[in-house]
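Each remark here refers to the structure printed beneath this line.
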Amino acid sequence: MDMTSSASVTSGSGSGGGAWLRAHHDPYASLYALPGGLCTADVLADGDQRLLVADLRNGGRLRLFRGGRQQQQGEQALAALPCGLAAFRTESAPPGQPPSVAVAAGSCLYVYRNLRPFYKFSLPHTAADEEEKEAWSKQQDPDALREALETLRSQGGMGRLTARSQRFLLLEPEEAKAFVEANWEFPLKRQTQVPGAVCCLDAQGAFDVDFHVALATRDDRLHLVKRGHKASRVLAEPGAPAVGLCHLEPGQLVAACADRRLRAYSLKGQCVWSVSLGAQPLAVAAVCSPGVCQAAAVALSDRRVVLHGAADGAPTHVLNTRDAVSAIHFGRLGREDNALVMVGTGVSESLTAAGGSLTVLILRRNAQLLLSPSSSSREAPGAVGGPRWSLPKKTKLFVDQTMREREHSVAMHRGFLRDLQRLRLTAARHYHRAVLGAAAPARATDDTGAAGPVLVELSAQVQGLGPRLAVHVRLQSSRPLNRLTMVVHGDDQYRLQKPATQIIVALARVFFTTPQVAYLVPGLAYRYTAMVTAESGAAGVLKVVVARQTRVLATALVQMPALDMP
1040 MDMTSSASVT SGSGSGGGAW LRAHHDPYAS LYALPGGLCT ADVLADGDQR LLVADLRNGG
1100 RLRLFRGGRQ QQQGEQALAA LPCGLAAFRT ESAPPGQPPS VAVAAGSCLY VYRNLRPFYK
1160 FSLPHTAADE EEKEAWSKQQ DPDALREALE TLRSQGGMGR LTARSQRFLL LEPEEAKAFV
1220 EANWEFPLKR QTQVPGAVCC LDAQGAFDVD FHVALATRDD RLHLVKRGHK ASRVLAEPGA
1280 PAVGLCHLEP GQLVAACADR RLRAYSLKGQ CVWSVSLGAQ PLAVAAVCSP GVCQAAAVAL
1340 SDRRVVLHGA ADGAPTHVLN TRDAVSAIHF GRLGREDNAL VMVGTGVSES LTAAGGSLTV
1400 LILRRNAQLL LSPSSSSREA PGAVGGPRWS LPKKTKLFVD QTMREREHSV AMHRGFLRDL
1460 QRLRLTAARH YHRAVLGAAA PARATDDTGA AGPVLVELSA QVQGLGPRLA VHVRLQSSRP
1520 LNRLTMVVHG DDQYRLQKPA TQIIVALARV FFTTPQVAYL VPGLAYRYTA MVTAESGAAG
1580 VLKVVVARQT RVLATALVQM PALDMP
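Residue 1124 in the numbering used here is what sits at position 85 of the sequence shown, and the numbering runs on without skipping anything.
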């Protein structure tokens, strides 16, 4: 990391200046980028996250930077001036393949793979106004064409005209004739329009799972496009045009508006919080680091970058820069997980600055991006927002839990119903098994009605090679018992020697034999034998049950062996 160059970032008072490490600063980078013109991606699939910049200089170029000093590694000329770029992975891409880079330039979307042009997607067009078509087809005189287009603009506004007509009205008279001669023969097309002129957008989610795109239009509205919906819906009306948008977790959209306010909205359109910025915002980016911070970084025109917390919008950190920042991005860069990249506008307080600077800051691993209690209790000169309230720990926990329940009420209710159905199903299964297995109770009573533990010990053994088998049952009791009944039953592959009653239990054929046990003397072992004939050689199970009237005292499962039938 370059730690010897002149400092370009200084920490604000009481803002925790030791949280950032200055990795690189180049005041002569000569970059001119819009707020959406920065991203980081592993474009070469070598594990090194590189910086991609959509530069507006020299007709538009895509620049690639790498290394601790952010040396330029590659450059691609663009067909038009870029307005944004993003890195993404396609669903058909195999593991290990580098991501693709999409660059929006003009009316087309260009996709690059390995920094080479791969695909061009043109936006769909609709038919232009008939009167505008007629003006271009009949009027070859620049003055007459300008007069006809001025009439159409006065009737329906500039939005009624196509991009070609709008560009023609902005030309100087000496350039108008050449423009008409070059374009009047080509068919007139019009780009597809949304409910308003989009000035910025931000997307979240996966296309095949669930996603939504937030759009900010110049008619002071925020629109939301969700998966499965063909049309957008108005999310909110901040009252001023939005300069930048970013998503914060969980389900929070932050908009920096031209009225010098920062607003946060839920995905249902509710305003969560609104704070004053103190200066005109230029760019905004989400700063999300697990366990460290969840904030929105806002670049202001007074050469400051302020981090606002996602909970209440209060400023948690302030960075003072030498020049105003036009583009800002937070994410992985190189081998670091938390890096802040800033591109300057060139408007600097220093007369020697060339403009278009590039600055890279790295967040320390033990950083705490929270204002100190002394600085949070008073409002510093030029500070944004009001003072932060010191909430008790339990109160803050309750507020966070309430916000979580409000944001995820539907998912939590569905989870509760799912767990309730699982509980009912588990209870029904155990009850069914207990009924079929005639499970012995934990306590029994004797003739006197006194309660006590289980009194009968039951064991069974199988003797014989088959197909006739002898089942020896051993009974022993620690307390005197009488009027007992022993039941031996099995499925239809076993036949008892004595005639038995045939009944239906749980859709299975069961055979019973019920010898009476007259009396059990405490401490003595009683043996009974039941002769069983196997109908097949498959292994099976016999069940022995000892009951007194309607109360089951003991049960035993006898594993019958597999037999070699003749």
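Note that beta-carbon positions come from the ideal geometry of N, C-alpha and C, so glycine has one too.
Where residue i falls: helix, strand or coil (DSSP)
i, result
"A1545", "Residue confidence is low: A1545 scores 30 on pLDDT, short of 50, so the model does not pin down where it sits. No coordinate-derived value is stated."
"G1424", "Any reading at G1424 is ruled out, since the residue's pLDDT is 44, under 50, leaving its predicted position unreliable."
"P1156", "strand"
"F1246", "coil"
"Q1194", "helix"
"A1297", "coil"
"H1471", "helix"
"L1602", "coil"
"E1025", "Outside the modelled stretch of the chain, which goes from 1040 to 1605, sits residue 1025, for which no answer is possible."
"T1434", "helix"
"A1490", "Because the pLDDT of A1490 is 48, which lies under 50, any placement of that residue in the model is unreliable, and the question is left without a value."
"Q1460", "helix"
"R1361", "coil"
"A1183", "helix"
"P1212", "helix"
"E1173", "helix"
"Q1532", "coil"
"V1572", "The sequence given here places Thr at residue 1572; Val does not occur at that position. Looking at T1572 - three-state DSSP - the assignment turns out to be strand."
"G1449", "For the sequence presented, residue 1449 should be read as Val rather than Gly. Reduced to three states, the DSSP call for V1449 is helix."
"R1403", "coil"
"G1385", "strand"
"G1075", "coil"
"R1371", "strand"
"S1204", "helix"
"L1581", "strand"
"R1128", "coil"
"D1241", "strand"
According to DSSP, residues forming a beta bridge with residue i
i, result
"P1280", "P1280 pairs with nothing; no bridge assigned."
"P1320", "L1339"
"A1350", "In the DSSP output, where bridge partners are listed per residue, A1350 has none listed."
"L1263", "A1253, R1272"
"R1100", "D1094, A1116"
"V1591", "A1586"
"Y1565", "L1514"
"C1147", "A1144, S1161"
"R1507", "T1572"
"A1236", "Its beta-bridge partners do not exist; DSSP assigns none."
"E1496", "Q1515"
Residue closest to residue i, alpha-carbon to alpha-carbon, out of the options
i, options, result
"A1325", "V1337, S1139, A1473", "V1337"
"A1353", "D1258, A1303, A1297", "A1303"
"R1203", "C1238, L1523, A1174, L1581", "A1174"
"D1603", "A1281, G1135, A1578, K1265", "A1578"
"G1385", "N1405, L1459, D1341, A1297", "D1341"
"A1281", "H1268, R1266, A1275, D1259", "D1259"
"A1126", "E1211, G1235, A1242", "A1242"
"A1058", "A1132, G1395, V1357", "V1357"
"T1524", "T1441, V1512, L1563, A1080", "V1512"
"R1443", "P1289, V1584, Y1067", "P1289"
"A1499", "V1585, A1334, Q1291", "V1585"
"H1268", "R1257, A1279, F1250, T1256", "F1250"
"C1310", "S1328, P1320, Q1291, L1316", "Q1291"
"E1171", "T1190, R1155, N1153", "T1190"
Residue i vs residue j beta-carbon contact at 8 Å
i, j, result
"F1619", "L1148", "The structure shown does not extend to residue 1619, since the chain is modelled only from 1040 through 1605, so no value can be given for it."
"L1301", "V1314", "yes"
"L1077", "A1366", "yes"
"A1062", "V1399", "yes"
"V1090", "Q1109", "This sequence places Leu at residue 1090; Val is not what is there. Result yes, Cβ atoms of L1090 and Q1109 sit closer than 8 Å."
"A1261", "P1277", "At residue 1261 the sequence reads Leu, which differs from the Ala that was named. Against a cut-off of 8 Å, the Cβ pair of P1277 and L1261 comes out as a contact."
"L1520", "R1587", "yes"
"L1284", "A1245", "no"
"A1322", "R1299", "no"
"E1103", "G1113", "Residue identity differs from the one stated: residue 1103 is Leu in this sequence, not Glu. In contact: L1103 and G1113 (Cβ atoms closer than 8 Å)."
"A1116", "R1100", "yes"
"V1583", "T1594", "yes"
"I1401", "L1060", "yes"
"Y1565", "L1497", "no"
beta-carbon residue i near the ligand HEM non-hydrogen atom, thresh 7 Å
i, result
"G1383", "In the structure shown, the ligand HEM is absent, as is every other ligand, since no ligand is present at all."
Proximity test, Cβ basis, 8 Å: residue i and chain D
i, result
"V1571", "Protein chain content of the structure displayed is limited to a single chain, and chain D is not contained in it."
* To do: Flag this pair as touching only if the segment 1091 to 1099 and the segment 1430 to 1446 have three or more C-beta atom pairs under 8 Å; answer yes or no.
  => no
* **Stretch-stretch touch, CB-based, cutoff 8 Å, three pairs: the segment 1340 to 1350 with the segment 1069 to 1076** => no
* At a cut of 8 Å, does the segment 1501 to 1518 reach the segment 1570 to 1577 through at least three beta carbon pairs? -> yes
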